[in-house]
Structure formats: structure tokens, C-alpha cells
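What follows is a single structure, written as C-alpha cells, with notes after it.
Protein chains in written order, with my numbering: chain A, 1 to 390; chain B, 1001 to 1357.
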């Protein structure tokens, strides 16, 4: 690309803004740009010289009803930002999982040979994609608030309760968290180790690596069994139980969080459905015919042939969907969910240090953005076929 | 004979489409049963039991379990025009019609020319502004704080297109053909804007612009929010257009130069029209997204259709009729957004037939 452009650039007439033969030269543009910079510096200087981030250590003094990190109104502002960031990341990560699940299901249903299924999936995508997310979030929030009171909450197997105070789920007891962390951590490490080696590496890998994986997996299993035998309470689960006008124990997800999660899942799920549909459709039919002629069952054709091939084109599109979901949690402010944006906008109001707060917020968002891009690039490197282009 | 052959064909089609095998038959039956149940329930709720005349939602619930459509006669003006003075509401009505007519005209191929589009939108946009704002021609002056409802939503969308499209074109040209330092600067700007949520940009624009620009330029809050919105839209649209520019054969630029055309001449007559043409399907998608994103202004305190929907419920009388109001407002958004995306699909077909790259 750049090779073909280089000679054209030397001839010097296809630059934008170069009106006529001499016209607007780069020198002139540099002059304009520096004038703007100088103007900005002069107008913003009074604010910027006073810009101090000392407020980050002041007490915030306001409440955040739902947070993944512990928070009390006496905490300083830097902790407020951290709480907002973890609320954004936590909600975003959960929404990414649920929306991908919904999107995958709808995308596959859309390609079903059963016309009813594919038309239903299409209707879902068409309706949901053409109504603003904010309206949908407001709607789901109203729905949750109009659910029955706690005294007559919907109950599922007496373990999960849904009421106008939110969703009540079972959770691990304090010891249970430790046990679950050990097991989940071992599984996560094992997955990560496997994941970091591309297919080509595994084909050429030495048996020592295989043994190391096996040892890791085995020790996790042994650990889990030992824990289960000697400390059964390490897997203790705590159910929410009615106590007067409220529930005691268990995990409470407030109406704000539930409404936001449902809205984002349904809305972005429709977009992800289109990503999966496009990707699955892009797999050459010859591959599918070949798989079928080998006698693979339909689900195996989908799972072993179609999806892995489709992932090559799905993952880049999916990664931009994930970034959108992370950013779109910012509409939580509509339903009173405190994410990074809501926290920042309130901090700006309370401290009056608008520029500083905006600066902190924008930097955090940019870092978050590039973190997801980096992660998804890893995934992208993993799904590519070895030796298949680029 | 013919009838039975047709019905046999129909039966075969139904069988092939819905009952290929036992699994399909099961799925289809469950879906049909579920759909039938939902449809009858909805029909019962919305039509048979629907209540059209009541003083409040409480009266509706006391009279039955049907839909409380009575909220619509009571609140439709609020949803369409927001808090615009009641006796002046013919002005947003007329203005919205002008904008709609301009939008419909833009979709017709006979208006696809730079000059025509510019004249069309300048005229209709100014008409809308004069009607809404008043202050001249004997119209009373009405500040933007009182604009609202569907009229505000349409205005936001129109100004997004009028400001955002030229901005996107400039950004894309600069990033593709500009000198190196400009390409880098625009690239950084676009990446920065794209990594921050829209609401943060609107919020930032409404607060930061007064600090940067002198008072006479920073305008009122609506203007600043629209500027931020257009920048956001422009950053995304510019990336699409850049793809379009990249797809244009360099030979065309060389041919234009050989004919003695200057940069601005071939940019306007050759590059820009083709870039829009190549990226038309994505551009329409972007426009649909922009239309839905107008609802973000509700967060920074404006009274667009989404905020009006909440306000229509907020008075307490109608809070229980939230499903009805959200259905109607959702339907309004859907009609606009869906016809726009259908139009995009039509364009895609039309171009696939007649265009070779």
C-alpha cells in the first residue's frame, strides 16, 4: 500500500487541503495547528496549572449501592474510581459471556434448516437491533421494579428467587470461596497453559510438556478430592433464605444490575448473532460436504468443522463487539448502576474538578480498550490455521 | 387437479421446511404451540381487553387486566413534542415533516449529487431551525431546553448527518491522503474518540467546550452535545470511508492528474462519490446506529423521545402502564430504524447488480 503511494506523495498534488498548485502547504497547516495548540494552551492554562489530583485522596462521601469491591462512603476518590472500573469490567465480562451465548444460539438457529427456528431468530435480531438500548434498559428496569414483592417472590427450586428487590442466588460460603478458588484457579491455569501454545507448537512439542500438563491437571483433581474428603465445608454453598421482609444469605443482584445485564445481553446478543451467522456462512460448503461424507453427525460438523473454520473470521468481529459491550455498560446510569462513567460524572459534580476527572476517566477507558484488543489478539493468534496465510 | 397438485406442493414444502425429521417436528411443534399461546395471550391483552378511555392506570387495573391504551390519548403530545409549548406544537410537527421529506428525498437516486444534497439539507435544516427556534417571522422565540419528543430525536439525527458526514469525509481524506503528520494526528484522534463511550463524549463536550471556546462560540448545551455526538459519529464513519478510499484504484487518481485536475477537484468529483458508493451498506448501518444513539441525550438532560417515554410514566397516574408506553415508543423507533436498514439492504442489492470494482 505504502509503496504504491510513495511516488504519488512525492509529486505532491494529491494531498488533501492542497488547493491549487501552491495552495495550502504543510507549512500553512502546521501554522494553523500550532495556533490552535497555543490558543488551547492559553485558554486552558489557568485550569491546567491548578490541575491537581489531590482530590483523589479526599473522602467521597456518597453511596454506591452495588459494587464488586467493598465500598463505604468514607472511602477516597481513587478507590471510587477503582470501584467504578471493577463494576464496568465485572458487568462487562458477565455481559460478554451471556451475550455471546445468546448470540451464538441465535446465530446457529438463524442458519437452521428448520424455517420456523430461523425465522424466529431473524425476528429476534431484527426487532431488538432497531430499538435503542437505553429504551430497552429502561423497560427492563421497569419490569424488574414491577415484579412481585419479596414476600411473594418467584422461587426456583427454593434456591433462586426473583423479586422487585432483584435476583437472589446461592453463593459459596466463606470457606467455600477458598475451595472454589483453589479448584477454579488450577483449572484456569491449566487452560491458560494449553491456550498459550498454538496448534503448531503442540504438534512439535516435546513429551515433557504433555507430562507437565498432566501433572498439573492431576494435582488439581487430587487437591479437590482431598478437600472434599477432609474439609467438606470447603465446598459449602449458602442458599438465600427468607427472613422477615428480606432474604438472608446468598448473593443479591440488585434490580439495576439485573436490568442492565438483561438489556445488554438481549441487545448485543442480536449483533453477535449476526457475527456468528456471517462467520458460519463464510465457511466453504465443500468443507461441510466433506465432513458429512465422512459420516460426521450434524452437531459434530458444526462443532468440529464449521465453528473452528468460522472462528477465523468471527474472532476479529467478536473482539470489536466485546469492546462495544465494555463501553456500553456506561448506560448503566439510566437505571442507577454505578459504572466507571456514572462514578466519574458524579465525582466531577461533587469535586468541581471536571478536567481532572475527565482526564482520569478517559485514560482508564483507553487502557481498558487496548487491554481487550491485546487479549483478543492473543485469541486471534490461537484460532488461526497454522500455515494458512498472514 | 391443479388445486390438489398445488396443495400437495404446499404440503411437501411445509414438510421439508418444518418437519424434515422427528427432531425438527418436535422443535417446530413446541415453537408453534408457544407462539400460538403467546399470540392469543397478546391479542387478548392488547385488543380484546384493551382499555382506551380511562383517567389513570389505576382505573385501568380496576376495570380489568387488559392493556391500558388510555395512556396514549393522554400522553401522545408529550411523546411526540416533549415540553414544547402546547399551542405552538404545530411548529415541531411541521418541522419534523420537512425533515422527514428531506430524508425520503435523500433516499431517491435522483437526489444523489453533491450540490443537490447540500442544497436540500441546508434548506430543510434551516426551515426546521426557524420553525423550532422562532424569534423571526413573527414566531415566538422558544429555547432549545423546551424542544423534545420525536421532534428533538429527528432534529438530533438530522444534525448528526449534516455535521457528522462532512466531518467524517474530511477525517477520512486527511487520514488517507494527508501529509504524514496529519495522518498520524487524525489517526490518534479517531482512536481516542473510538475508545471512549458515547455518553462520556457527550458529557465531556457539554462541560469542556465552554472552558475551551469563547462564550459566543460555545453556544447552548444542546449545540455542544451535538458537536460531541457528531465527532463520535464522524470518527466511526471516517474509518468506513477510509476503507472506501483504499478500495479505489490508484490509476484513477493518476488519470485525473493526467487530465489536469487539481487535488480538490478529483477528490470531490471522483474519490468522495465512489467512497460513499462502495461503503453505502455500512454507512446505512452507521446511520441506523446514529439514529438509535440519539437516545443518549436523555442522559445529559434532554427531553428526546426516550426521556419523554419515561416522563409520560413519571407523573404517577400512568406508572403502571409502562409496558404500553415502551411498546409504542419502541415501535416508533423501530419503524424509522427498520425502514432505514431495509433501505440499506435494497441499496446493497441494487449495487451488487450494477457495480464492478
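The beta carbon of each residue, even a glycine, is placed where N, CA and C say it ideally should be.
Check: Grouping DSSP H, G and I as helix and E and B as strand, with all else coil, what is residue 155(A)?; Outcome: strand
Check: Using beta carbons (cut-off 7 Å, strictly below), is residue 1091(B) in contact with chain A?; Outcome: no
Check: May I have the straight-line CA-CA distance separating residue 342(A) from residue 1307(B), to the nearest angstrom?; Outcome: 18 Å
Check: Mind listing which residues of the stretch 356-388 of chain A have their C-beta closer than 7 Å to chain B's C-betas, in chain order?; Outcome: 358, 361, 362, 365, 366, 369
Check: Assuming contact is defined by CB atoms lying nearer than 7 Å, are residue 958(B) and residue 1162(B) in contact in what I supplied?; Outcome: Nothing can be reported for residue 958(B): it is not among the residues displayed for chain B, which extend from 1001 to 1357.
Check: State the DSSP-derived secondary structure class of residue 21(A), mapped to helix, strand or coil.; Outcome: Residue placement at residue 21(A) is poorly supported in this model, since its pLDDT is 43, which falls under 50; the coordinates still yield a value, given next. Three-state DSSP puts residue 21(A) in coil, outside helix and strand.
Check: For residue 1304(B), list the residues DSSP reports as bridge partners.; Outcome: 1149(B)
Check: Can you give me the start and stop residues for the beta strand (DSSP E) that residue 249(A) sits inside?; Outcome: Premise fails: residue 249(A) is in no beta strand (DSSP E) and is neither H nor E.
Check: Out of curiosity, what's the CA-to-CA distance linking residue 162(A) and residue 1102(B)?; Outcome: 48 Å
Check: Just the C-alpha distance for residue 1021(B) and residue 123(A), rounded to the nearest angstrom, thanks.; Outcome: 24 Å
Check: Can you tell me the Cα-Cα spacing of residue 1142(B) and residue 1084(B), whole angstroms?; Outcome: 8 Å
Check: Drop a sphere of 10 angstroms on the beta-carbon of residue 211(A), count the other beta-carbons inside from all chains shown, and report buried for 16 or more, exposed for fewer.; Outcome: exposed
Check: By Cβ distance below 7 Å, which residues in the same chain neighbour residue 406(A) in space, the five residues on each side in sequence not counted?; Outcome: In this structure chain A extends from 1 to 390, so residue 406(A) is not present and cannot be described.
Check: Does the contact criterion of 3 or more C-beta pairs under 8 Å hold for the stretch 1117-1133 of chain B versus the stretch 1257-1264 of chain B?; Outcome: no
Check: From residue 168(A) to residue 1286(B), what does the alpha carbon distance come to, in whole angstroms?; Outcome: 39 Å
Check: At which residues does the alpha helix (DSSP H) containing residue 1206(B) begin and terminate?; Outcome: 1198-1212
Check: Buried or exposed for residue 1014(B), please, with buried defined as at least 16 other CB atoms from any protein chain shown within 10 angstroms of its CB.; Outcome: exposed
Check: Out of curiosity, what's the CA-to-CA distance linking residue 1071(B) and residue 1311(B)?; Outcome: 12 Å
Check: Look up residue 161(A) in the DSSP assignment and give the residues it is bridged to.; Outcome: 155(A), 168(A)
Check: State yes or no: is the beta carbon of residue 86(A) nearer than 7 Å to at least one beta carbon in chain B?; Outcome: no
Check: Need the endpoints of the alpha helix (DSSP H) that residue 68(A) sits in, please.; Outcome: Premise fails: residue 68(A) is in no alpha helix (DSSP H) and is neither H nor E.
Check: Let me see if you follow: with CB-CB separation under 7 Å, is residue 265(A) close to chain B or not?; Outcome: no
Check: With DSSP as the reference, label residue 1031(B) as helix, strand or coil.; Outcome: helix
Check: Candidates 1160(B), 1208(B), 1205(B): which alpha carbon is nearest residue 1234(B)'s?; Outcome: 1160(B)
Check: Taking one C-beta from the stretch 78-90 of chain A and one from the stretch 328-344 of chain A each time, how about it: are there three or more such pairs within less than 8 Å?; Outcome: yes
Check: If you draw a straight line from the alpha carbon of residue 1292(B) to that of residue 1081(B), how long is it in whole angstroms?; Outcome: 18 Å
Check: Going by C-alpha to C-alpha distance, which of 1284(B), 1251(B), 1061(B), 1280(B) sits closest to residue 1270(B)?; Outcome: 1251(B)
Check: Need the endpoints of the alpha helix (DSSP H) that residue 1132(B) sits in, please.; Outcome: 1114-1133
Check: In whole angstroms, what is the alpha-carbon distance linking residue 78(A) and residue 333(A)?; Outcome: 20 Å
Check: Go ahead and label residue 1333(B) buried or exposed: buried means 16 or more other beta carbons lie within 10 angstroms of its beta carbon, across all protein chains shown.; Outcome: buried
Check: Give me, in chain order, the residues of the same chain whose beta-carbon lies closer than 8 Å to that of residue 62(A); leave out the 5 immediate sequence neighbours on both sides.; Outcome: 73, 346, 350
Check: Anything in the stretch 103-127 of chain A with a Cβ closer than 8 Å to a Cβ of chain B? List those residues in chain order, please.; Outcome: 113, 114, 115, 116, 117, 120, 126, 127
Check: Between which two residues does the alpha helix (DSSP H) harbouring residue 124(A) extend?; Outcome: 115-129
Check: Under 9 Å, CB to CB, which of the residues in the stretch 1025-1047 of chain B have a partner in chain A?; Outcome: 1027, 1028, 1031, 1032, 1035
Check: Where does residue 240(A) fall in DSSP's three states?; Outcome: coil
Check: Tell me, please, whether the CB atom of residue 1279(B) is closer than 7 Å to any CB atom in chain A?; Outcome: no
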